[in-house]
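These notes are about the structure you will find just below.
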Amino acid sequence: MMNIKRCKFNPIVTCKDVVPSSRDFEVIGAFNPGAALYKGEIVLAMRVAERFKDNNDGHIKIPVIDGQSAALKTVDLDKEDDRYDFSDSRVIKEKDSCCDFVYLTSMSHVRLARSTDGVNFKIEDKPFIFPENRYESFGIEDPRITEIDGSYFITYSSVSQYGIVTSLAVTSDFKDYKKLGNIFETENKDVVIFPEKINGRYFALNRPVSKSTGDPVIWISESYDLLHWGNHRILACTRKGHWDSEKIGAGIPPVKTDRGWLELYHGVDDQGHYSMGALLLDVNCPSRIIARSEKPLLDPRMDYETGGFFSNVVFPCGAVKKHEKLYIYYGISDNSIGLAAAALEDILSTLG
Ligand code: MAN
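Quick note on numbering: the numbering used here labels position 315 of the sequence shown as 332, and the sequence is numbered without any gaps.
As structure tokens, then:
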């Protein structure tokens, strides 16, 4: 068994640490953070999920952004309304609809947190990126950060009535940012960009979802400018009977090692449990898999991981490499943030 150590202060960030973005909101999750090293500090771009505070009179009030004006609107649903299914804590379904959901129960934005020791984070009071357009009206989620030549590219899922797309933003100082548009259209999420060009092209892992047949699996795509992506190919599939049998998606942006690109990804098993494992990809040809975890490197087993808003989830989105050690920041059960650390060599030794 490999030596991956959870931080004894886990969860290192919880809802209680985060100031709501408005007086009417409460924070119900701070999770799935992208991570970067910036000027000697560790910066997390966290997904902060919020909902209206007064939700107790048999009604549920859902925050939604108007795609035209960017104003906050409220959708009010009666919990007795039997057209809807309220049983999933994350989403509201319409019983007669073939769609996965009609609304989310909360709205997410991206918030920054900074730390010098990697464990104690100072969380900004205000959102960094807030939903504002028609693709983002149900919220923006699961940011991942890739540094390329001093620019920090942030991919995130934009959720709306039109589905889930992946958008790109860039910052050079974690103060201001520029949105660069949608780089993968619906439905595609879990997009991580490699930190350098390989044979003259950028690469990204992504996770389209087919409506007709097949499990959600990891694809690899190429680009000359980070904005236009093509040559889409399947990289890795689900494995029946394994810990990653139902769906898989990229986790952290790939890390270059002397044996190849290390990708830590999430896999879902037939119990709906989310665990983390590794893929090792050819350094010159990242569409070629060299090795893959037989067993998860991290699975939900601590009390704080088996409970939570949507239980039994460990969901890595960012990692920072320091002195040949990888500090992995992962979302815990759509609720809080955990840290786990391992020597790169230890992780690689599990991969044959
Ligand atoms: C899934 C979960 C939720 C998320 C929605 C939309 O249901 O990952 O947390 O809000 O998808 O992306």
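A virtual CB, placed ideally from N, CA and C, is assigned to each residue, including glycine.
query	result
Own chain partners of Val-108 with C-beta closer than 6 Å, once the 5 adjacent residues on each side are dropped	Phe-118 and Leu-121
DSSP-derived helix/strand/coil call for Glu-164	strand
Same chain, Cβ closer than 6 Å to Cys-254, neighbours up to 5 away in sequence not counted	Val-234
Other residues of its chain near Tyr-219: CB distance less than 6 Å, five sequence neighbours each side excluded	Ser-240 and Leu-243
heavy atom of the ligand MAN below 7 Å from Asn-121 C-beta	Here the sequence assigns Leu to residue 121, which means Asn is not the residue at that position. Under cutoff, so the answer is yes.
Rounded separation between Ala-52 and Asp-142 - CA only	18 Å
For Tyr-321, the three-state DSSP class (helix, strand or coil)	helix
Cys-32 - DSSP class collapsed to helix/strand/coil	helix
Thr-367 to Ile-21 span [Cα, whole Å]	11 Å
Residue span of the beta strand (DSSP E) that contains Ser-125, given as start and end	124 to 132
For Glu-362, the three-state DSSP class (helix, strand or coil)	helix
Distance CB(Ile-171)-CB(Ile-162) smaller than 8 Å	yes
Burial state of Arg-64, where buried means 16 or more other Cβ atoms lie within 10 Å	buried
Residues that DSSP places opposite Ser-177 in a beta bridge	Gly-180
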